[in-house]
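Student: Numbering (our numbering), first residue to last: 19 to 456. Using N, Cα and C, we set each Cβ at its ideal position, and we do this for glycine too.
Written as structure tokens, this is what we have:
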């Protein structure tokens, strides 16, 4: 029997999405805030690595830039701040957003006026000032994502969360595209200082989104102490779902993108060293085909989720994102082929983009409106764990079983997630009615 909630959902088209963005202010705001959240991501990662590389820094120093993603894994530690405290002026979410976005603009401008050769000398060695300021930027960027995700949950009705997630991810990817591919091209013509100054100006997109954002009509609880504010969201999650169901939900979250993360952990090394593609080709495919495919996959998933229940979306998108990794099996078997590379990169990122939307919608559905910032940050951090620790695991696996078998195993690793989703079927289908009682 078809879920009643799915039969009542209107069919959406790309034209309807554009119409929605132009006529529904909250969706336009989510697009702008998504752009603002994605913009700093590359400025403290791949773009900063490119700057360090051009400056001739050591491989160890360049590799240390990857440590700037650490705040994304531990965002839940300071997320209660945004549920517990309110800044004067605007409401809770918009006040924090404006403060963080202004801080990001200042730190990105600060990065522009530094060079990789300027070092901070400490007893632990020499660290580029750019990396220290980059860490502060990453902290602020992570904080912005915490507040934006909380605002999304509070401002969107349940029926619009799939579409809202697609719009947010689309904005995020566009922002990251600006700060990666566009920034790299700009650096060749303008130099790194003017490039980072230009990126700082793009933060006005997010500030505009904050200023026109409608107020979220949700009253979050303010507890007597910050420690209590930290404990209550965790207690609330397991009180609402119980340890068995809550544990199953956490298993779905932590494993849902594990197959993708493992397959892509050494993707660049596989394409350059094993397949023999040149860096220009790999860069072109990763920055254009892959990004465009992920963006398109997110939009298609947002449309499709208006016709699918959350349970079916998790199951269908979870299967196809795992199966898409089999494209790398074909590449490893048949050898170097530009057509096969483009096809594989497109399908993998398209399907991965669909899975991202389903996972984000699932996380949003699990959060209580009383503790949106803390719970969303915690669940997002759990989902991010798969990406943090897979690098060394992937290297050992490839050394032991070879690339072709490695990618087959990556697909097989996606199957337990589908079992966890299936085992949670009744609980996932009850999420909508449960949230209406909060």
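Identify the continuous alpha helix (DSSP H) that holds residue 208 and give its terminal residues.
Tutor: Position 190 of the chain shown, counted from the start, is the residue given in the question as residue 208. Residue 208 -> alpha helix (DSSP H) spans 201 to 208.
Student: Quick one: Cα of residue 21 to Cα of residue 178, how far?
Tutor: As a working mapping, residue 21 is identified with position 3 in the chain shown. As a working mapping, residue 178 is identified with position 160 in the chain shown. Residue confidence is low: residue 21 scores 41 on pLDDT, short of 50, so the model does not pin down where it sits. Its coordinate-derived value is still stated next. Looking at the two C-alpha atoms, the distance is approximately 17 Å.
Student: With DSSP collapsed to three states, give me the class of residue 175.
Tutor: Translated into the one-based positions of the chain shown, residue 175 becomes position 157. Reduced to three states, the DSSP call for residue 175 is coil.
Student: Can you give the beta carbon distance from residue 323 to residue 191, rounded, assuming they're within the 8 Å contact cut?
Tutor: Along the chain shown, one-based indexing puts residue 323 at 305. Along the chain shown, one-based indexing puts residue 191 at 173. Not quite, the Cβ-Cβ distance comes to about 17 Å (not below 8 Å), so this is no contact.
Student: If you draw a straight line from the C-alpha of residue 222 to the C-alpha of residue 62, how long is it?
Tutor: Working through the chain shown from its first residue, we reach residue 222 at position 204. Working through the chain shown from its first residue, we reach residue 62 at position 44. Roughly 19 Å separates the two Cα atoms.
Student: Near residue 440, what residues of its chain come up, given a Cβ to Cβ distance below 8 Å and the 5 sequence neighbours on each side ignored?
Tutor: Locating residue 440 in the chain shown gives position 422, where the first residue counts as 1. Here the set comprises 333.
Student: Between which two residues does the alpha helix (DSSP H) containing residue 43 stretch?
Tutor: Taking the first residue of the chain shown as position 1, residue 43 is located at position 25. Element bounds for residue 43: 43 to 61.
Student: So, is residue 89 buried or exposed, given that buried needs 16 or more other C-beta atoms within 10 angstroms?
Tutor: As a working note, residue 89 is residue 71 in the chain shown. Burial call: buried.
Student: Note down, in chain order, each residue of its chain lying with its Cβ closer than 7 Å to the Cβ of residue 403, except the 5 sequence neighbours on either side.
Tutor: Position 385 of the chain shown holds residue 403. For residue 403, where only same-chain residues beyond five positions count, the Cβ hits under 7 Å are 91 and 272.
Student: If contacts are defined as beta-carbon pairs under 8 Å, then residue 101 and residue 389 qualify, I think. What distance do you get, rounded to the angstrom?
Tutor: Residue 101 sits at position 83 when you count from the first residue of the chain shown. Residue 389 sits at position 371 when you count from the first residue of the chain shown. Yes, they are in contact, since the Cβ atoms of residue 101 and residue 389 sit about 6 Å apart, within 8 Å.
Student: Can you tell me which of the three DSSP states residue 323 falls into?
Tutor: Taking the chain shown and counting its residues from 1, one reaches residue 323 at position 305. In the structure shown, the three-state DSSP call for residue 323 is coil.
Student: Pair every Cβ in the segment 115 to 122 with every Cβ in the segment 430 to 449, then say whether three or more of these pairs are closer than 8 Å.
Tutor: no
Student: Output yes or no for whether 8 Å exceeds the beta carbon distance between residue 278 and residue 386.
Tutor: Against the chain shown, residue 278 aligns to sequence position 260. Against the chain shown, residue 386 aligns to sequence position 368. No; because the gap between Cβ atoms is not below 8 Å, this pair is not in contact.
Student: Put residue 11 into one of helix, strand or coil per three-state DSSP.
Tutor: Since the first and last residues shown for the chain are 19 and 456, residue 11 lies out of range.
Student: Buried or exposed for residue 231, going by 16 or more other Cβ atoms inside 10 Å?
Tutor: By one-based count along the chain shown, residue 231 stands at place 213. So residue 231 counts as buried.
Student: Spell out the partners DSSP gives residue 146 in its beta bridges.
Tutor: By 1-based counting over the chain shown, the position of residue 146 is 128. Per DSSP, 137.
Student: Just to check my reading of the structure: residue 44 and residue 173 have Cβ atoms closer than 8 Å, yes? What is that Cβ distance to the nearest angstrom?
Tutor: Translated into positions along the chain shown, residue 44 becomes position 26. Translated into positions along the chain shown, residue 173 becomes position 155. That pair is a contact at about 5 Å.
Student: I need the boundaries of the alpha helix (DSSP H) containing residue 442, first residue and last residue.
Tutor: If you number the chain shown from 1, residue 442 lands on position 424. Looking at the DSSP string, residue 442 is not in any alpha helix (DSSP H), and its letter there is neither H nor E.
Student: Assign residue 319 to one of two classes, buried (16 or more other C-beta atoms within 10 Å of its C-beta) or exposed (fewer than that).
Tutor: In the chain shown, the residue the question calls residue 319 occupies position 301. Buried, because 16 or more other Cβ atoms sit within 10 Å of the Cβ of residue 319.
Student: Just to confirm, is the Cβ distance from residue 12 to residue 152 under 8 Å?
Tutor: Since the first residue of the chain shown is 19 and the last is 456, residue 12 is not available in this structure.
Student: Ignoring anything shorter than 4 residues, give me the alpha helix (DSSP H) runs that lie fully in the segment 74 to 98, in order along the chain.
Tutor: Segments of the alpha helix (DSSP H) lying fully in the segment 74 to 98: 77 to 82 and 88 to 91.
Student: Determine the direct distance from the alpha carbon of residue 249 to that of residue 443, and round the result to whole angstroms.
Tutor: Indexing the chain shown from 1 puts residue 443 at position 425. Indexing the chain shown from 1 puts residue 249 at position 231. So the two alpha carbons sit approximately 28 Å from each other.
Student: Are residue 449 and residue 401 touching if we call contact CB-CB under 8 Å?
Tutor: Walking along the chain shown from the start, residue 449 turns up at place 431. Walking along the chain shown from the start, residue 401 turns up at place 383. The answer is no: Cβ separation not under 8 Å.
Student: Alpha carbon to alpha carbon, how far is residue 195 from residue 329? Give it in angstroms, no decimals.
Tutor: Start at 1 with the first residue of the chain shown, and residue 329 comes out as number 311. Start at 1 with the first residue of the chain shown, and residue 195 comes out as number 177. Computed Cα separation, rounded: 31 Å.
Student: Output yes or no for whether 8 Å exceeds the beta carbon distance between residue 289 and residue 307.
Tutor: Your numbering for residue 289 matches position 271 in the chain shown. Your numbering for residue 307 matches position 289 in the chain shown. No. Outside cutoff.
Student: Strictly under 8 Å for the Cβ-Cβ distance: is residue 361 near chain C by that measure?
Tutor: Absence of chain C from the displayed structure is noted, only one protein chain being present.
Student: Of the residues 282, 321 and 59, which one's Cα is nearest the Cα of residue 370?
Tutor: Here residue 370 refers to the residue found at position 352 of the chain shown. It is 282 whose Cα lies nearest to the Cα of residue 370.
Student: Nearest-angstrom Cα distance between residue 155 and residue 114?
Tutor: As a working note, residue 155 is residue 137 in the chain shown. As a working note, residue 114 is residue 96 in the chain shown. Taking the straight line from one Cα to the other gives about 15 Å.
Student: Can you give the Cα-Cα distance for residue 219 and residue 131, rounded to whole angstroms?
Tutor: Translated into positions along the chain shown, residue 219 becomes position 201. Translated into positions along the chain shown, residue 131 becomes position 113. Their backbone Cα atoms lie some 15 Å apart in a straight line.
Student: For residue 184, name the three-state secondary structure that DSSP assigns.
Tutor: As a working note, residue 184 is residue 166 in the chain shown. Residue 184: helix per DSSP, three-state reduction.
Student: Considering Cα atoms alone, identify which of 353, 160, 314 and 326 is closest to residue 447.
Tutor: Mapped onto the chain shown, residue 447 falls at position 429. Measuring C-alpha to C-alpha distances from residue 447 to each of 353, 160, 314 and 326 identifies 326 as the nearest.
Student: Express the C-alpha separation of residue 347 and residue 76 in angstroms, rounding to a whole number.
Tutor: In the chain shown, the residue the question calls residue 76 occupies position 58. In the chain shown, the residue the question calls residue 347 occupies position 329. Computed Cα separation, rounded: 34 Å.
Student: Classify residue 251 as helix, strand or coil using the three-state DSSP reduction.
Tutor: As a working note, residue 251 is residue 233 in the chain shown. Residue state, collapsed to three classes: helix.
Student: Here's the rule I'm using: 16 or more other beta-carbon atoms within 10 Å means buried, otherwise exposed. How should residue 357 be labelled?
Tutor: Residue mapping note: residue 357 aligns to position 339 of the chain shown, counting from 1. Its Cβ having fewer than 16 others within 10 Å, residue 357 is exposed.
Student: Would residue 303 and residue 363 be called neighbours here (beta carbons separated by less than 8 Å)?
Tutor: Taking the first residue of the chain shown as position 1, residue 303 is located at position 285. Taking the first residue of the chain shown as position 1, residue 363 is located at position 345. In contact: residue 303 and residue 363 (Cβ atoms closer than 8 Å).
Student: My guess is that residue 146 and residue 162 are in contact by the Cβ rule of under 8 Å, so how many angstroms apart are they, rounded?
Tutor: Here the question's residue 146 lines up with position 128 in the chain shown. Here the question's residue 162 lines up with position 144 in the chain shown. No, residue 146 and residue 162 are not in contact; Cβ-Cβ is about 24 Å, not under 8 Å.
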